[in-house]
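Heads up, the sequence shown is in the numbering used here, so the first residue is 1 and it goes up one at a time.
Using N, Cα and C, we set each Cβ at its ideal position, and we do this for glycine too.
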Amino acid sequence: MKDTKEDHQVLWLKFIAGDDVAFAALYKEYVNRLFVFGCRFTSNEELVKDCVQDLFMKLYDTRKKLPKVENVKVYLFNAMKNMLFNLFKKEIHYYQIDTIEPVFYTEFNGETRMILSETLSEQKLKIQKMMDLITPRQREALYYRFVEELSYEEICVLMKMNYQSVRNLLHRTLLKIRSTAQDNRTA
Numbered sequence: 001m002k003d004t005k006e007d008h009q010v011l012w013l014k015f016i017a018g019d020d021v022a023f024a025a026l027y028k029e030y031v032n033r034l035f036v037f038g039c040r041f042t043s044n045e046e047l048v049k050d051c052v053q054d055l056f057m058k059l060y061d062t063r064k065k066l067p068k069v070e071n072v073k074v075y076l077f078n079a080m081k082n083m084l085f086n087l088f089k090k091e092i093h094y095y096q097i098d099t100i101e102p103v104f105y106t107e108f109n110g111e112t113r114m115i116l117s118e119t120l121s122e123q124k125l126k127i128q129k130m131m132d133l134i135t136p137r138q139r140e141a142l143y144y145r146f147v148e149e150l151s152y153e154e155i156c157v158l159m160k161m162n163y164q165s166v167r168n169l170l171h172r173t174l175l176k177i178r179s180t181a182q183d184n185r186t187a
């Protein structure tokens with residue numbers, strides 16, 4: 001299956017019309033992505049796995065009531081994030097105390113660490129140090145924009161922010177990172 005937004009929309013429409021093969025294709029396409037995405041909010045991999053499975057079960061059970069969506073990836077990421085945050089409301093250690101927002105982790109889980117260990121370099125360590133200087137909300141916005149390559153509009157949906165606020169957040173974040181990088185070069 002091609003990894004295009006349009007192909008995923010077609011699969012989604014077939015799935016909500018009752019096509020089990022389309023559901024299986026969507027599951028195969030997104031199960032790992034949703035797991036990695038969920039691990040950005042918690043290091044509890046079992047909780048994330050359970051949420052991914054619960055999400056797909058809920059989607060399957062309610063498929064006839066699901067809306068037509070423009071972007072399946074954003075819809076699924078938003079559903080996953082909401083499902084996790086509903087669980088997090090019960091446990092305070094998942095929250096950033098100063099902002100009372102769920103923490104967006106930039107540390108990698110065990111599986112991802114193993115995959116990345118071969119390619120870890122000095123540049124990645126410098127990037128991690130810079131990432132530690134920004135807020136979880138800023139890290140989340142960067143992840144959506146540059147890792148998931150989402151548009152500003154899509155980020156607005158996931159972060160529940162207006163367009164200009166997302167642009168300002170990313171702009172301030174990039175300025176801070178550039179400033180830190182320049183300070184490190186001159187030091």
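Within the model, the alpha-carbon separation for V157 versus D183 is close to 34 Å.
Under the DSSP assignment, I16 falls in the alpha helix (DSSP H) whose first and last residues are K5 to I16.
For the set E149, Y152 and V166, the Cα lying nearest the Cα of Q138 is the one of V166. In summary, H171 is exposed, with fewer than 16 beta-carbon neighbours lying within 10 Å of its beta-carbon over all protein chains present. Pairwise C-beta distances place the stretch 43 to 52 out of contact with the stretch 64 to 75, as fewer than three of them are shorter than 8 Å. Per DSSP, reduced to three states, the secondary structure at K28 is helical. Our two residues, V147 and F35, have alpha carbons roughly 15 Å apart in a direct line. Here the C-alpha atom of D20 lies approximately 14 Å from the C-alpha atom of E29. Spanning the alpha carbons of Q128 and N32 requires a straight line of approximately 23 Å. Around the beta-carbon of K58, fewer than 16 other beta-carbon atoms lie within 10 Å, marking it exposed.
In this structure, the alpha-carbon of K126 lies about 12 Å from that of R178. CA-CA distance, L26 to Y144, rounds to 20 Å. Under the three-state reduction of DSSP output, D183 falls in the helix class. Uninterrupted alpha helix (DSSP H) stretches at least 4 residues long and entirely within the stretch 28 to 90 occur at 45 to 61 and 72 to 88, given in chain order.
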